Amino acid sequence: MRRRNFLKIVFYSLGLIAFSGIGLSFRAGRGKNTVLPSPLGEFTEDGLIHPPGAVDDFVSKCISCGVCGDVCRQLGYSAIRFTGLKNSQSSGVPIVDDMRDHPCTLCMECTKVCPTGALIEVPKEKVRMGIALIDFSLCLGWNGDVCLSCSKACPLGMKVFEFYNSEWGNQPYINENCTGCGYCVKFCPVGGSAIRVFDLNSYKRLKDRYIQWFKSILTMSDDERYDLVYTQNLPKILERGKEFEREYQ
1422 MRRRNFLKIV FYSLGLIAFS GIGLSFRAGR GKNTVLPSPL GEFTEDGLIH
1472 PPGAVDDFVS KCISCGVCGD VCRQLGYSAI RFTGLKNSQS SGVPIVDDMR
1522 DHPCTLCMEC TKVCPTGALI EVPKEKVRMG IALIDFSLCL GWNGDVCLSC
1572 SKACPLGMKV FEFYNSEWGN QPYINENCTG CGYCVKFCPV GGSAIRVFDL
1622 NSYKRLKDRY IQWFKSILTM SDDERYDLVY TQNLPKILER GKEFEREYQ
């Protein structure tokens, strides 16, 4: 089913239910919802994500010369910005933090101009800026639709994306081959994006709970999943709205 048709049906169904006054709870209680809570909401302020090729002691080696940001801007990408005092104890540190509009292209030109070795050129598939995580409660592909926009936008494609296809959608999952470039964030059609990139330290702290959340959704009964999608997830998705112009072509 095409996404536009799916959403029309959802809006129409919600309208009928609201009109009749029976609400979305008409199936609630048929099964105990065993899904675990999302761990993603706990991380409201993610750690800093540095440009590709950043070495382990990046902050101590970086002299805040701004050359990496200059070349990024000259190429028309504008992915690299610089911290202020509110972001870090050291201001002027290069970061990539606006992935909704300016993800990293992995061109690696910034690594070629870094004068101190704070950034080093590595193969694209070896870049680890961070890890992108899908919010399953907001992703169209986990809530009754099929969406491939994020996986098509990803520079590494099927090396990063796995799919757990079911009647509830194609259910994409991002594995640890992710570079953290943020292209999936940019091209997610859900308002505000259903994907966030976490720095590696944050990812290590939430990894186990995230995987448990993922598994708990996959093992739900049909009634439990129905209640989760229609009483919790779809209302949140509809509230955010859709940005179809972002869908990767």
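Numbering follows the working numbering, with no gaps: position 11 of the sequence shown is 1432. Glycine included, each C-beta is placed from N, C-alpha and C at the ideal position. For clarity, every value in this text was computed on a predicted model and none was experimentally measured.
Less than 7 angstroms separating the beta-carbons of residue i and residue j?
i, j, result
"residue 1657", "residue 1521", "no"
"residue 1567", "residue 1575", "no"
"residue 1534", "residue 1488", "yes"
"residue 1668", "residue 1593", "no"
"residue 1530", "residue 1474", "no"
"residue 1672", "residue 1646", "What the structure shows of the chain is the stretch from 1422 to 1670, and residue 1672 is not part of that stretch, so it cannot be assessed."
"residue 1643", "residue 1468", "no"
"residue 1525", "residue 1517", "yes"
By Cβ distance below 7 angstroms, which residues in the same chain neighbour residue i in space, the five residues on each side in sequence not counted?
i, result
"residue 1441", "Residue confidence is low: residue 1441 scores 37 on pLDDT, short of 50, so the model does not pin down where it sits. No coordinate-derived value is stated."
"residue 1499", "1493 and 1523"
"residue 1583", "1594 and 1596"
"residue 1460", "1627, 1630, 1631 and 1634"
"residue 1622", "1468"
"residue 1505", "1512"
"residue 1570", "1608, 1609, 1610, 1668 and 1669"
For the beta strand (DSSP E) that residue i lies in, which residues bound it at each end?
i, result
"residue 1553", "1552 to 1555"
"residue 1534", "From DSSP, residue 1534 is part of no beta strand (DSSP E) but of the alpha helix (DSSP H) over 1530 to 1534."
"residue 1668", "That residue, residue 1668, is in no beta strand (DSSP E); it is neither H nor E in DSSP."
"residue 1664", "No beta strand (DSSP E) holds residue 1664; DSSP gives it neither H nor E."
"residue 1583", "1582 to 1584"
Under 6 angstroms Cβ to Cβ from residue i, same chain only, skipping five residues before and after it: list those, please.
i, result
"residue 1485", "1513"
"residue 1432", "Only weak support exists for where residue 1432 lies, its pLDDT of 47 falling under 50; the value from the coordinates is given anyway. No residues qualify anywhere along the chain."
"residue 1654", "1558 and 1564"
"residue 1591", "1562, 1567 and 1584"
"residue 1573", "1669"
For the alpha helix (DSSP H) holding residue i, just list the boundary residues, first then last.
i, result
"residue 1488", "1488 to 1495"
"residue 1624", "1621 to 1639"
"residue 1595", "No alpha helix (DSSP H) contains residue 1595, which is instead part of the beta strand (DSSP E) from 1593 to 1595."
"residue 1645", "1643 to 1648"
"residue 1660", "1655 to 1661"
"residue 1604", "1604 to 1608"
"residue 1514", "Per DSSP, residue 1514 belongs to no alpha helix (DSSP H) and is neither H nor E."
"residue 1574", "1570 to 1574"
"residue 1482", "1479 to 1482"
What residues in its chain sit with their C-beta under 8 angstroms from that of residue i, if we drop five residues either side in the sequence?
i, result
"residue 1633", "1457"
"residue 1664", "1610, 1611 and 1612"
Item to complete: Check whether the segment 1536 to 1546 touches the segment 1562 to 1569, counting contact only when three or more Cβ pairs, one atom from each stretch, lie closer than 8 angstroms.
Response: no
Worksheet item: Does the pairing of the segment 1549 to 1560 with the segment 1594 to 1601 give three or more beta-carbon distances under 8 angstroms?
Response: Taking 8 angstroms as the limit for Cβ pairs, the verdict is that the segment 1594 to 1601 does touch the segment 1549 to 1560.
Discussion item. Within 8 angstroms, do at least three Cβ pairs link the segment 1541 to 1548 to the segment 1641 to 1655?
Written reply: no
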